[in-house]
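Number of protein chains: 2
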Amino acid sequence: MDKIYAVILAGGSGTRFWPLSRETWPKQMLQIVGEDTLLRQSVRRLNGFIPLDRVLIVTTEKLGQDIKIHLNVFGKNANQIKVIKEPCGRNTAPAIGLASLYVKKIDPEALVLIMPSDHLIKKVHEFENDVRKAVEGAEKGYLVTFGIQPNKPETGYGYMKVQKESVPGLTLRKLHKFVEKPDRETAKTYLKEGNYFWNSGIFLWKVSKIMGEIERYMPDMHRGLERIEESLGTDKERETIEAVYSEMDSQSIDYGVLEKSYDVLTLPASFDWSDVGNWPALDDVLEHDAHGNIVRGNAIGLDNHNSILFGSNRLLATIGLKDMVVVDTPDATFISPKERTQEVKKVVEELKRNGKEEHSVHRTVERPWGSYTVLEKGDRYKIKRIVVKPHEKLSLQVHRHRSEHWVVISGTAKITRNGEVYYVHPNESTYIPVSTRHRLENPGKVPLQIIEVQNGDYVEEDDIERFEDEYGR
Amino acid sequence: MDKIYAVILAGGSGTRFWPLSRETWPKQMLQIVGEDTLLRQSVRRLNGFIPLDRVLIVTTEKLGQDIKIHLNVFGKNANQIKVIKEPCGRNTAPAIGLASLYVKKIDPEALVLIMPSDHLIKKVHEFENDVRKAVEGAEKGYLVTFGIQPNKPETGYGYMKVQKESVPGLTLRKLHKFVEKPDRETAKTYLKEGNYFWNSGIFLWKVSKIMGEIERYMPDMHRGLERIEESLGTDKERETIEAVYSEMDSQSIDYGVLEKSYDVLTLPASFDWSDVGNWPALDDVLEHDAHGNIVRGNAIGLDNHNSILFGSNRLLATIGLKDMVVVDTPDATFISPKERTQEVKKVVEELKRNGKEEHSVHRTVERPWGSYTVLEKGDRYKIKRIVVKPHEKLSLQVHRHRSEHWVVISGTAKITRNGEVYYVHPNESTYIPVSTRHRLENPGKVPLQIIEVQNGDYVEEDDIERFEDEYGR
């Protein structure tokens, strides 16, 4: 087991949970089911059998920094996790290929466990046991897929048809074929026949084996990966990745390799699994009240039935809703019948087309040093509440179009302003004129909260010049 | 026509339009239909035939000040309107009786036109013409009610059954009886028979006649009114009104007088009319899109039908709604099928029971000097945007539990702080320590906008001691 590396695929910028998810804050970073976000749950799931220094996360350039901040909860060891940034999403095959190069460089004989970052598995012990069983097959040179025994005629998942008996000496079965999402009648047949499994997107194999199969079945992509491989660790690495990705096709590993390879086995998994693919999927994994509703946040309801009501701090009052989904966030509310929530994509596209911010950012934005919340934006002004974590500091910076008034609400602020250093305490304020080099820092042991009032002819986030930054920005 | 006074009844604190209406901001102060709020439309409707100095508005103690501010749009003549404050709502009979005393004192032979403040009439010329016709009857000593010819079998209104022919020499008809809200079948019969009219709540009569009829049919109430009449203009006026009201029953003028009197005539009105009694009533008076929706504010929708979607500045995204009502405000969202919106009362009651502010106040609160908007409230702090109108000033005041940081966004602030007077300009700030006598004023010609950050162990509105106030608070 000390040869296994985990590759977590976290590039998804799914819009299906909008407005809770945003382009800059996708589903894997949401805490919609369970005690923590899906991504963090995915990392914790490995606890005990794959240490953090053998965990790689593949994500996009855009999400890279936020994902790193997101992993800070794992403490000092968080930076042992390798975060690989793709220039753009190209489906699973390139992501897996790219991550495999990094693993191969460390240990060409390593095993690699591939996992999505945004699925739910509650039974972590069963998961670990299943990985151990899969190791037997992977070590023998097989590509092992994890199949989930269906408990209902689900039409939203892809299926894998497998042999009814195990391969001699293993608990794994030969894979016959992948099957697209079926209609309900077909799904019922699959359920009855018993040798159809849901494709969980979890795989285990030797890095050498998958690279060999990619070479055989996806030769173009493999040539690109070879170019990247040569550049690894050199100062050409980033630009080579960008060049190769700009020419690479979007392909999934399922159809690029697994459909074609002769060496694929399936492990009938003993753990529970859900891809939490849309709002109605929550009905399978969250608790309901006596009327079948899932209710969160500041919600007051009267005679609602089988509805999903996700409130926020704002008050959400509903009467007589049936089979509806309502999602309330500080800046946007979404309402739809359950059966039509997938159309939220069209809403997000329209927002994007019209240049509306609500498709991409939340009112509260996480930063390596803490977070800020936009309380109001108006003509020539913007008001934010800023929270700086203990011992963290913002970059030394300058704004060319705005000045900033800061009032401290709690904690102590250490301010650097044009070289001068001073402290500001609760119920005190300070002022940063335009074009003044400044830095905000929390030297204390409790969070620092300040209210910032920006004044200027341009109050957007990109009016910032950074001189020194703790976080390499 | 120069003997007519108008009495506008504006005591309603209806919850039926929550969350757009609040206890402190009822329906008559909302701009839901037409160019202005229903109350202001009611005042404007009199333009040209009843001048402002013959307009009286009866409202509650609670709403009195806000109503006065609300009427400021009528400029310098606004204070010619007499605002009469009832200690508490006691239905229409006491309100009409009380207002009649004030009219009678000026002119015992005056005619009084009674009107609700929260109904909609678009055809103001027809309205004026109808009043002129009604005058003929009122001057002959009749109590004239305005009946609306039904155009559908409405079950939400009370009806008046009238004689089929006019009284000789008048365009008015004898009233037979008032009828409670009918069921649909009965309403259909009324529509067919043609001599049933909706009761608009609009009446015209001599003040002497109505006082006489009140004396005859509501002798208890009349005795109370006589006590008040004696106190009018003396320093006992307020306390007498309070004493009488505390013992007075709630009674409507319809059932207290009009049902019993032998001298009631009905004018078949030629103007349009709606009582705008609930959300679905808007379907009769507002424009629809091609799919039968009424849409307002920052709303984005996909395939919605026959729904009422009232957005605010926040984004409201809806898919596939049918016959629904959605009302979004900065601090609360309400969602219900059209046919159940009347149950919103239960929601408001529950909020009240739980001590939630959302039942009573909006995030933006109007004041005589301007307005403030609560941007955020947290532990030991509150953030407001304050707008002071040109040449207006807040009271000279002290807070015992909070200090205030002010940052000017636009306009110029004149500050009085412990006797010192100084000016603060855009992008400048100042500080008011706790227990410091201070005053904020806009000496300029454009609105003054400031951001206020309050700090303290208690940041509620009632921590205020006023020393001088322009508005008699």
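Chains as they are written, first to last, in this note's numbering: chain A, 1202 to 1674; chain B, 1202 to 1674. Glycine included, every Cβ here is placed at the ideal spot set by N, Cα and C.
Pull up the DSSP beta-bridge partners for residue i, would you.
| i | result |
| --- | --- |
| residue 1219/B | None; residue 1219/B has no bridge partner. |
| residue 1657/A | 1603/A |
| residue 1637/B | In DSSP, residue 1637/B forms no bridge with anything. |
| residue 1472/B | Residue 1472/B is not bridged to any residue. |
| residue 1611/A | 1650/A |
| residue 1567/A | 1572/A |
| residue 1360/B | 1380/B and 1399/B |
| residue 1480/B | Beta-bridge pairing links residue 1480/B to no other residue. |
| residue 1538/A | 1525/A |
| residue 1210/B | 1259/B and 1317/B |
| residue 1283/A | 1257/A |
| residue 1598/B | 1639/B and 1667/B |
Is it true that the CB of residue j sits closer than 8 Å to the CB of residue i?
| i | j | result |
| --- | --- | --- |
| residue 1260/A | residue 1212/A | yes |
| residue 1527/A | residue 1519/A | yes |
| residue 1329/A | residue 1249/A | yes |
| residue 1292/B | residue 1462/B | no |
| residue 1493/B | residue 1514/B | no |
| residue 1469/A | residue 1399/A | no |
| residue 1598/A | residue 1501/A | no |
| residue 1205/A | residue 1241/A | no |
| residue 1359/B | residue 1419/B | no |
| residue 1630/A | residue 1608/A | yes |
| residue 1316/B | residue 1409/B | no |
| residue 1576/A | residue 1576/B | yes |
At a cut-off of 7 Å, would you count residue i as near the ligand SAH, judging by its Cβ distance to the nearest heavy atom?
| i | result |
| --- | --- |
| residue 1319/A | Absent from the structure shown: the ligand SAH. Ligands present: none. |
Looking at C-alpha atoms only, which residue of the options is the closest neighbour of residue i?
| i | options | result |
| --- | --- | --- |
| residue 1586/B | 1210/B, 1671/B, 1371/B and 1606/B | 1606/B |
| residue 1604/A | 1612/A, 1588/A, 1634/A and 1610/A | 1634/A |
| residue 1323/B | 1245/B, 1205/B and 1379/B | 1245/B |
| residue 1578/A | 1572/A, 1509/A, 1659/A and 1514/A | 1659/A |
| residue 1450/B | 1475/B, 1469/B, 1423/B and 1390/B | 1423/B |
| residue 1257/B | 1216/B, 1217/B, 1232/B and 1301/B | 1301/B |
| residue 1617/B | 1647/B, 1531/B and 1669/B | 1669/B |
| residue 1649/B | 1255/B, 1394/B, 1436/B and 1595/B | 1595/B |
| residue 1202/A | 1332/A, 1433/A and 1391/A | 1332/A |
| residue 1403/B | 1209/B, 1373/B and 1505/B | 1209/B |
| residue 1459/A | 1375/A, 1224/A and 1440/A | 1375/A |
| residue 1646/B | 1484/B, 1608/B and 1589/B | 1589/B |
| residue 1455/A | 1536/A, 1264/A and 1380/A | 1380/A |
| residue 1278/A | 1253/A, 1284/A and 1263/A | 1253/A |
| residue 1642/A | 1654/A, 1625/A and 1656/A | 1625/A |
| residue 1662/B | 1566/B, 1560/B, 1342/B and 1533/B | 1566/B |
| residue 1264/A | 1504/A, 1224/A and 1364/A | 1224/A |
| residue 1284/A | 1276/A, 1290/A and 1266/A | 1266/A |
| residue 1509/A | 1487/A, 1303/A and 1312/A | 1487/A |
| residue 1356/A | 1327/A, 1342/A, 1346/A and 1386/A | 1386/A |
| residue 1281/A | 1251/A, 1288/A, 1584/A and 1592/A | 1251/A |
Query raised in the report: Can you list, in chain order, the residues of the stretch 1520-1541 of chain B whose Cβ is nearer than 7 Å to any Cβ on chain A?
Result: Against chain A - using a Cβ distance shorter than 7 Å - the residues of the stretch 1520-1541 of chain B are 1520, 1521, 1522, 1527, 1529, 1532, 1533, 1534, 1535, 1536, 1537, 1538 and 1541.
**Report entry** chain B contacts from the stretch 1600-1623 of chain A (Cβ-Cβ distance under 8 Å)
**Finding:** Listed by position along the chain: 1604, 1606, 1608, 1610 and 1611.
Query raised in the report: What are the residues of the stretch 1501-1519 of chain A that lie near chain B, defined by any Cβ-Cβ distance shorter than 7 Å?
Result: 1501, 1503, 1515, 1516, 1517, 1518 and 1519
Query raised in the report: Relative to chain A, which residues along the stretch 1637-1658 of chain B have a C-beta separation below 9 Å, given in chain order?
Result: 1650, 1652, 1654, 1656 and 1657
Query raised in the report: Going along the stretch 1224-1242 of chain B in order, which residues come within less than 7 Å of chain A, judged by CB to CB distance?
Result: Those residues of the stretch 1224-1242 of chain B placed with their C-beta closer than 7 Å to a C-beta in chain A do not exist.
Report task. Compile a chain-ordered list of the residues in the stretch 1547-1565 of chain A whose CB is closer than 8 Å to at least one CB of chain E. Result -> Absence of chain E from the displayed structure is noted, the protein chains being A and B.
Query raised in the report: Taking Cβ-Cβ distances below 8 Å as the criterion, which residues of the stretch 1458-1492 of chain B are in contact with chain A?
Result: none
Requested in this report: Give, in chain order, every residue of the stretch 1568-1590 of chain A whose Cβ lies closer than 9 Å to some Cβ of chain B.
Outcome: Taken in chain order, the members of the stretch 1568-1590 of chain A whose beta-carbon sits within less than 9 Å of a beta-carbon on chain B are 1574, 1576, 1577, 1579, 1580, 1581, 1582, 1584 and 1586.
Query raised in the report: Does the stretch 1558-1574 of chain A come within contact of the stretch 1606-1626 of chain A, defined as at least 3 CB pairs closer than 8 Å?
Result: no
**Report entry** Residues in the stretch 1396-1423 of chain B having any Cβ partner in chain A nearer than 7 Å
**Finding:** none
**Report entry** Three-pair Cβ contact test at 8 Å for the stretch 1212-1224 of chain A versus the stretch 1303-1310 of chain A
**Finding:** no
**Report entry** Meets three-Cβ-pair contact criterion under 8 Å: the stretch 1411-1431 of chain A and the stretch 1279-1296 of chain A
**Finding:** Short answer: they touch.
Query raised in the report: Quick check: the stretch 1537-1547 of chain B against the stretch 1475-1482 of chain B, are there 3 or more CB pairs under 8 Å?
Result: Taking 8 Å as the limit for Cβ pairs, the verdict is that the stretch 1475-1482 of chain B does touch the stretch 1537-1547 of chain B.
Requested in this report: Take every Cβ of the stretch 1429-1443 of chain B, pair it with every Cβ of the stretch 1263-1280 of chain B, and state whether three or more of those distances are shorter than 8 Å.
Outcome: no
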